[in-house]
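Novice:
Protein chains: 4
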Amino acid sequence: MKIPILNPDSHSKIGWDILILILTIAITIIIPLIMVYHLPLSGFLLVFDILISLIFIADILIESHTAYSDQRELIRDKEKIMNRYMGMAFVTDLLAAFPFFMILSFFQNPLLLRIALLSNILRLLKLFRVKRTIGRIRNSKRLNPSFIRMSLLIFWILIAAHLISCAWMAIWEDPAALNPLNAESMYLRSFYWTVTTLTTIGYGDISPSTNLETIFVIIIELIGAGMYGFIIGNIANIIANIDIAKSQYQEKMEKVTTFLRYKNIPHDLKVKISDYYDYLWESRRGYDESSILQDLPKPLKTSVSLFLNRGIIQKVPIFKGANEEFIKEVILNLNPVVFTPGDYVVIKGEIGYEMYFISRGSVDVVSEDESIVYATLGAGSFFGEIALLLSAPRNATIKAKDYCDCYSLDKETFDQILVRFPEFAEKIREMAEKRRAETEEKQKKK
Amino acid sequence: MKIPILNPDSHSKIGWDILILILTIAITIIIPLIMVYHLPLSGFLLVFDILISLIFIADILIESHTAYSDQRELIRDKEKIMNRYMGMAFVTDLLAAFPFFMILSFFQNPLLLRIALLSNILRLLKLFRVKRTIGRIRNSKRLNPSFIRMSLLIFWILIAAHLISCAWMAIWEDPAALNPLNAESMYLRSFYWTVTTLTTIGYGDISPSTNLETIFVIIIELIGAGMYGFIIGNIANIIANIDIAKSQYQEKMEKVTTFLRYKNIPHDLKVKISDYYDYLWESRRGYDESSILQDLPKPLKTSVSLFLNRGIIQKVPIFKGANEEFIKEVILNLNPVVFTPGDYVVIKGEIGYEMYFISRGSVDVVSEDESIVYATLGAGSFFGEIALLLSAPRNATIKAKDYCDCYSLDKETFDQILVRFPEFAEKIREMAEKRRAETEEKQKKK
Amino acid sequence: MKIPILNPDSHSKIGWDILILILTIAITIIIPLIMVYHLPLSGFLLVFDILISLIFIADILIESHTAYSDQRELIRDKEKIMNRYMGMAFVTDLLAAFPFFMILSFFQNPLLLRIALLSNILRLLKLFRVKRTIGRIRNSKRLNPSFIRMSLLIFWILIAAHLISCAWMAIWEDPAALNPLNAESMYLRSFYWTVTTLTTIGYGDISPSTNLETIFVIIIELIGAGMYGFIIGNIANIIANIDIAKSQYQEKMEKVTTFLRYKNIPHDLKVKISDYYDYLWESRRGYDESSILQDLPKPLKTSVSLFLNRGIIQKVPIFKGANEEFIKEVILNLNPVVFTPGDYVVIKGEIGYEMYFISRGSVDVVSEDESIVYATLGAGSFFGEIALLLSAPRNATIKAKDYCDCYSLDKETFDQILVRFPEFAEKIREMAEKRRAETEEKQKKK
Amino acid sequence: MKIPILNPDSHSKIGWDILILILTIAITIIIPLIMVYHLPLSGFLLVFDILISLIFIADILIESHTAYSDQRELIRDKEKIMNRYMGMAFVTDLLAAFPFFMILSFFQNPLLLRIALLSNILRLLKLFRVKRTIGRIRNSKRLNPSFIRMSLLIFWILIAAHLISCAWMAIWEDPAALNPLNAESMYLRSFYWTVTTLTTIGYGDISPSTNLETIFVIIIELIGAGMYGFIIGNIANIIANIDIAKSQYQEKMEKVTTFLRYKNIPHDLKVKISDYYDYLWESRRGYDESSILQDLPKPLKTSVSLFLNRGIIQKVPIFKGANEEFIKEVILNLNPVVFTPGDYVVIKGEIGYEMYFISRGSVDVVSEDESIVYATLGAGSFFGEIALLLSAPRNATIKAKDYCDCYSLDKETFDQILVRFPEFAEKIREMAEKRRAETEEKQKKK
């Protein structure tokens, strides 16, 4: 029979993984109970045992035909897969799958039968595979890693509590007080004791009396204390990481407010600055665009920037006729700036060195005394493009109406880009010349 | 009836929110007690129940007419508000407000009556609104976020403890020891047990005996341990964040002292450096001005800088006649420097490249052998302005008298600014020429 | 009587502060015991009470004549001191000092006498001063802040435990089991119960039975759990801060080793790099000199750099005759570099652009085939100075013998400095000319 | 007898250290038991005691002849070693080695004999040496520091638990309940009590009754709570440090995804970016090569870079004939870049300014419409070298086939390097001239 190489991220493979995961959990719960209650492995349980063996054997076959990924590269070579499987999980998978009980029970030897019963514990080796399965499911579903980590923590704690409870039942001699308990109560009381101890609550209504019990309790307490410390450490770590963006932002704000207090900055300026930080937090969790994009490799950065700005750039008259490469360079050199409501973006008469593109929010073009609003420019608009041609004084005052996310492009950067596009630079120079002539004419008229 | 759209930050809306909050807490305390003690819903309690229903219905109306803010923008559009409310809190608000008891009790059917009693639990759904209300109150009052976070933690723990206590009362069978307890003692003992368990103290004087009790205790213990870990994690996180400025500063100091020890720096220099760091901490929590201002957008940065320095800049003779824009540029390019007592700011004969403005503290103008103090300059003074015109040697020694926060402006930066203000640059050049002539004349005289 | 203004850091003031601190602790221990055991305030205790009153009144006088420091500036103005004291600690100090008992006991009225006894609690208000006193002692003794923080934590816990124990004694009714206990045992058992509860151990051998006790225990448990969380949070924070240098260094190392593993770097290179990091850690806790010095203001930086390097700089022949300012500039522009054993610092024939000063360790001047060691240069030596004059090929190979801390000075920086010292630049140019002539002559000979 | 100076890292010295470590642990376990059980120091125990004395005396001799390392330098000077040993561990080592029992037991005086027995405790002073020994073993074996730290924590806790158990046994009066216990059970119960208390579980089945016991328990509880806090703090710290690379990486990813969500970036671009970060994590734990190498001193950096790139550089035709120094400079100025599958590395017709070397992954050389794949270049290939000679348009489109780790070398950097190698620069200029001629000819043909 020729089995094809499976893709580890395929739906059917993930499904199989989940089945194995559920079966592993089932046997982890059932097998210790069988052993503690000395349940006979017959009838339904025997069928279950045989079924488990068969499924686990099938799993070995499937695992040895599943491709694996090495640094984002999917290895589908059969020999490599085999070598890797042999070196990693094959032995435990085989021991977990081996039908010891079926084989040994043929001999009808009571000693062998006891060994056969004990051999069931080997099935629990399959627990080593839980982490891998979870890892695969996480990869294919893109689940929140903190959630996964928390769930796994709870899962392992419950598994550990179950195993400890079963062990405690096996060695617990509680003659006077609670006897005779039926099986369920016995397990319940044992699980109750385990949880009470592991959580360091320690009611003390169940406590060890024999030496064996005492030793067992000491070991569980030591494990429990470590485990509890581990849980608290993990929760503290998860909390610290959840809040990391927020706390970095608060740290920044605290710095600024301390500084402002120290310098006796007037109240309204303080409120304005504090509102600005609130806006940064609400609109982008305090992150700053340029630092985020600079980590990406250039092609990805270009893709993101193009997506964000191509439309607006192509509308600018002076960029008409520029080729694709030029537009790309311009977009990669845009500089994000934020204006808070009431900020002067451009003041009439000032000499301008940059043009602006509005990405979000709106600005008012106002008269010098701010009494008349000539126009309101919204997202997708641009202004100040003359500054890229010649350093003339601004011919209008522009004031932010609300919080504005803009991009600026300054003359210096623009000139540097032009150097690399000589034909287009020529065209721009002509445009500037024409503009200058117009401006001079206007000034003469005045 | 036409209801106007309400502002979520208005005083009356916040007042209503607080009323709802208090009522929510009240019903969270009262309803579980009613159910555990099987109190008849008649008389005062019935009035209370009807009142709650009415107020909660009013709340639905008010909520569906309250504007909401989306990234600092207040959305007042009725349809959008409706859609948002429907998609978020409407169902829970409706279930919490619905007068099940009143309606079902009409039928006089004992089964329906029991359902009616149970339906009271639905009122607790209003608890989901606490977070939102607290958020709104925080926004309008600018409360300390760590304090809010701590208070909410305590609030939820007490609510949880109350609910757990009521549940424990309902299933607790304690026949021999403490019976018959009156209602208050019963609740007290139950609350005592809950707190003892949740804090992992676990005296063990009250412990489960029936299976139901055991299961309940296991669940509470698991929740309690998680909750306790969560509390400790939160407290650890809050402590870490409170001290973050201090610990960053201590880290910096530790670096420096390690380095100084390694290099066998003499003791008095070490004390001087350590005092300098103490000063930084006491005066500005170790933060450095330029790094704080650089995060702000340019208009805000300009406002802050202008507030801090305009007065002093305009006093400088060589800046007389400079226009507004020029002054702004100068101010944005000031560089904060700190001098410790005894530091030489300027030494006679050295060639100077920067001028200084004193923002805090004072300096002495001393003779070359430091025996004579010609003058003491305090906050608001400036010196070394000649350096911006020509690179002549300093004509006096200036020594810091105490810790001085100064701003320096260096010739290079100044020249770069002048490039953008050609008319003013011309004026400055003349001044420099004149100065040079004077200096040369002086030197000839000597 | 005219009291002079005291210096808060003077030895006698610190001594007085310590006395008040000890008395505060004493009354915090004694007064609750007096109240719980209903000890009569007569004899020795009465003398003690009067003494405390007198000392605390004296303390008010002293405090109101102690200068205080505001941002490193000592405020000695009497009115300012008074205003500050009135606004801060005066009321609590007065209440703590007021001899209520003495005054009220004159009236011989049993009710007033009881009030007088209760008024003793007001003395505990002095506890609010502990933090201030500790702060002062710390400032004058420069104690380790982590140690102080830990000690204060322990101090407050013990004080809290004592107060809780006394309160528990007052309300504890333990008729059957442990009665009649003598006073010491009673306190001991109570303190034992407090500690057992606060540490969340909760043996349960002492547990509440009356409603009052139950309420008290609930409150203590809630406080205790919070306190315990606070302690753990603090310890975790202190541990994190103690290890911050180490963990930053380990983080760096981990980065590097991960990278080396990923790139399959040969083993000996890996060991060399790992040894280099060990050296950095052992010699300077992983800190890097230039980043440390750059935080200091220029005069302090100059002082440190001058201390480290003046001697060696003045020995260099080409710097002979340079003035003080020039030497300072050179020193401020030295660049620290580390060489690991076997590194080639300079290779014969390479064109050199920097000179080196050895600050620690030694280098070998070797022949081209490394068979002959011409010389060994130790700390305080320098080499490669010709590179500052002209870009000639190196005339020897120099190899680090052990870990070498060096400073390099490159030609570019040197030329920039020269620009500011035109006369000296002239001298250097002549030297270079002469050198070039010599070299050319040599090459012609060859 | 002349003892040679030993190397502290030699195998035999480490072996001896381990022997001493094991003996120290043994006596720490045995001596308290001897004292609690009042075992007679005769027979086997006497031999053991004498042996310990002899070995510890030998250890003093060995220690005083072991070189020590001071900042990576091995100090072998006998006098220095002696001074250092005298000032550090000699006194404790001597007290631990001194055969008090043997000497005092000669006198047959019962008082002296008791003192002799008590003096055994001095042997425990050897515990102070454990840290040093572990430090040495760690240095020679390069063990994981987190593992060492965890193991030491467990080791000290177990030692502390043992000592506390023995002390509790000595003062514990438990007349009614558990008497008469045999020695082993006694110790077991005592150890059980210690662990139950230190882990804050506190069953309460064993609790103090006498005053002495109560005081002892209070002290142990206070220590235990602190210890437990310390353990949790440590575990939390270790967890935080283990995950530091991961959490920094997650933080980065979170920033990017927040930004992408805010800007409504299309889904496929988001997946591409998220995959890119996954690749960075899987291939290099998110670290970035240039930032890692920049921390290394230049010779080490050169060694690593040469190892990584020499082969590939020498294959480039235009570098043929370049000397060693030139190649080094080029390698140090390579800039690592990553391309994700499908990225355009070079687009036909674009003007190129850099050449690329492939270090890992492969790229396709495709026709303008991407229909034909001319060639696939794998690791060790390079392309775009013409861009270093002249700024001609690219003559092919090159597209990343899978994740590609490349190095780029841009024309500007290349030109800067050439300045320092004038002869080679001449050669390169000729090559460029020839190339230009060829290109122009080609274009004429077209």
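Residue numbers (full-length UniProt numbering), protein chains in the order written: chain A, 1 to 446; chain B, 1 to 446; chain C, 1 to 446; chain D, 1 to 446.
All C-beta atoms in this analysis are idealised placements derived from N, C-alpha and C, irrespective of residue type, glycine included.
Predicted model only: the values in this text are computed from it and were never measured.
1) First and last residue of the alpha helix (DSSP H) that includes I386 (chain D)?
2) Residue range of the alpha helix (DSSP H) that D93 (chain C) falls in?
3) Whose Cβ in chain D lies nearer than 7 Å to the Cβ of L269 (chain C)?
4) Would you kindly report the start and end of the unbroken alpha helix (DSSP H) that includes I318 (chain B)?
5) To the nearest angstrom, report how far apart V365 (chain A) and R132 (chain C) are at their CA atoms.
6) Compare the Cα-Cα distances from D5 (chain B) to each of B:S42, B:A425 and B:S69 and report the closest residue.
7) Does any CB atom of chain C fall closer than 8 Å to the CB of residue 447 (chain B)?
8) Any C-beta of chain C sitting closer than 8 Å to the C-beta of K298 (chain B)?
9) Quick one: list the residues of chain C neighbouring V338 (chain D), beta-carbon separation under 9 Å, in chain order.
10) In chain order, what residues of the same chain have a beta carbon less than 6 Å from the beta carbon of I18 (chain C), not counting five sequence neighbours either side?
11) I'd like to know whether the C-beta atoms of R357 (chain D) and Y279 (chain D) end up nearer to each other than 8 Å.
12) Looking only at its chain, what residues have a beta carbon closer than 6 Å to the beta carbon of S190 (chain A), apart from the 5 residues adjacent to it on each side?
13) Closer than 8 Å, CB to CB, is F230 (chain A) near chain D or not?
14) Output yes or no for whether 8 Å exceeds the beta carbon distance between residue 452 (chain B) and A96 (chain B).
15) Roughly how many whole angstroms lie between the Cα atoms of M82 (chain B) and S64 (chain B)?
16) What is the DSSP secondary structure of A176 (chain D), reduced to helix, strand or coil?
17) Please report the residue range of the alpha helix (DSSP H) in which Y279 (chain C) lies.
18) Between L222 (chain D) and chain C, is the shortest Cβ-Cβ distance under 8 Å, so that the two count as touching?
19) Out of curiosity, what's the CA-to-CA distance linking S7 (chain B) and L74 (chain B)?
20) Give the DSSP bridge partners of L409 (chain C), in chain order.
21) For a quick check, are the C-beta atoms of Y203 (chain C) and G226 (chain D) less than 8 Å apart?
22) Cα separation between E423 (chain A) and I417 (chain A)?
23) Which residues in the same chain as V337 (chain A) place their Cβ atom closer than 6 Å to its Cβ, once the five residues preceding and following it in sequence are excluded?
24) Would you say G204 (chain C) lies against chain A (beta-carbon separation less than 8 Å)?
25) Which residue comes first and which comes last in the alpha helix (DSSP H) that contains F107 (chain A)?
26) Say whether the stretch 349-356 of chain D touches the stretch 376-384 of chain D, bearing in mind that this needs 3 or more beta-carbon pairs closer than 8 Å, one atom from each stretch.
27) Going along the chain, which residues of its own chain have a beta-carbon closer than 6 Å to the beta-carbon of R429 (chain A), five neighbours each way excluded?
28) Could you tell me the distance, in whole angstroms, from the CA atom of A176 (chain C) to the CA atom of S209 (chain C)?
29) Can you grab the Cα-Cα spacing for the pair M253 (chain C) / L293 (chain D), in whole Å?
30) Going by DSSP in three states, P8 (chain C) sits in which element: helix, strand or coil?
31) Under 8 Å, Cβ to Cβ, is there at least one residue of chain B near R189 (chain A)?
32) With the cut-off set at 8 Å, would you say residue 450 (chain C) and E221 (chain D) are in Cβ contact?
33) Check the C-beta distance from I398 (chain C) over to V363 (chain C) and give it rounded, since I have them as a contact under 8 Å.
34) According to DSSP, is E73 (chain C) helix, strand or coil?
35) So which residues of chain C does A96 (chain B) contact, with C-beta pairs closer than 9 Å?
36) Below 9 Å on C-beta distance, what does G351 (chain A) contact in chain B?
Specialist: According to the data block:
1) It spans I386 to L389 - the alpha helix (DSSP H) in which I386 (chain D) sits, taken as one unbroken run.
2) Taken as a continuous stretch (DSSP letters only), the alpha helix (DSSP H) holding D93 (chain C) covers F90 to A97.
3) S303, V304 and F307
4) I318 (chain B) -> no alpha helix (DSSP H), and no H or E assigned at all.
5) 57 Å
6) What sits at residue 5 (chain B) in the sequence shown is Ile, not Asp. Nearest C-alpha to I5 (chain B): B:S69.
7) Any property of residue 447 (chain B) remains undetermined from this structure, which presents chain B solely from 1 to 446.
8) no
9) What V338 (chain D) touches in chain C: nothing, since even the nearest Cβ is about 13 Å away.
10) none
11) The question names Arg, but residue 357 (chain D) in the sequence shown is Phe. For F357 (chain D) and Y279 (chain D), no; Cβs fall outside 8 Å.
12) S165, W168 and M169
13) Taking Cβ atoms only, chain D reaches closer than 8 Å to F230 (chain A), which makes this a yes.
14) Because chain B spans 1 through 446 in this model, residue 452 (chain B) falls outside it and cannot be assessed.
15) 6 Å
16) Its pLDDT being 48, under 50, A176 (chain D) is placed unreliably in this model, and the value from its coordinates should be taken loosely. The answer is coil: DSSP assigns A176 (chain D) none of H, G, I, E or B.
17) H267 to R284
18) So, interface residue.
19) Sequence check: residue 7 (chain B) is Asn here, not Ser. One C-alpha to the other measures close to 9 Å.
20) C:M355
21) no
22) Rounded to the nearest angstrom, the two C-alpha atoms are 12 Å apart.
23) For V337 (chain A), where only same-chain residues beyond five positions count, the Cβ hits under 6 Å are C406 and S408.
24) G204 (chain C) has a beta carbon lying within less than 8 Å of a beta carbon in chain A.
25) Looking at the DSSP string, F107 (chain A) is not in any alpha helix (DSSP H), and its letter there is neither H nor E.
26) Touching, per the Cβ criterion.
27) none
28) Confidence at A176 (chain C) is low in this model, with a pLDDT of 48, below 50, so its placement is unreliable and the value that follows should be read with caution. A176 (chain C) and S209 (chain C) have their C-alpha atoms spaced approximately 12 Å apart.
29) Taking the straight line joining both Cα atoms gives about 12 Å.
30) Three-state result, P8 (chain C): coil.
31) yes
32) As displayed, chain C neither begins before 1 nor continues past 446, which places residue 450 (chain C) out of reach and without an answer.
33) That belief holds up - the Cβ atoms of I398 (chain C) and V363 (chain C) are roughly 5 Å apart, short of 8 Å.
34) strand
35) Here the premise fails: no neighbours, minimum Cβ distance about 29 Å.
36) In the sequence on display, residue 351 (chain A) carries Ile and not Gly. Chain B residues near I351 (chain A): E325, R420 and F421.
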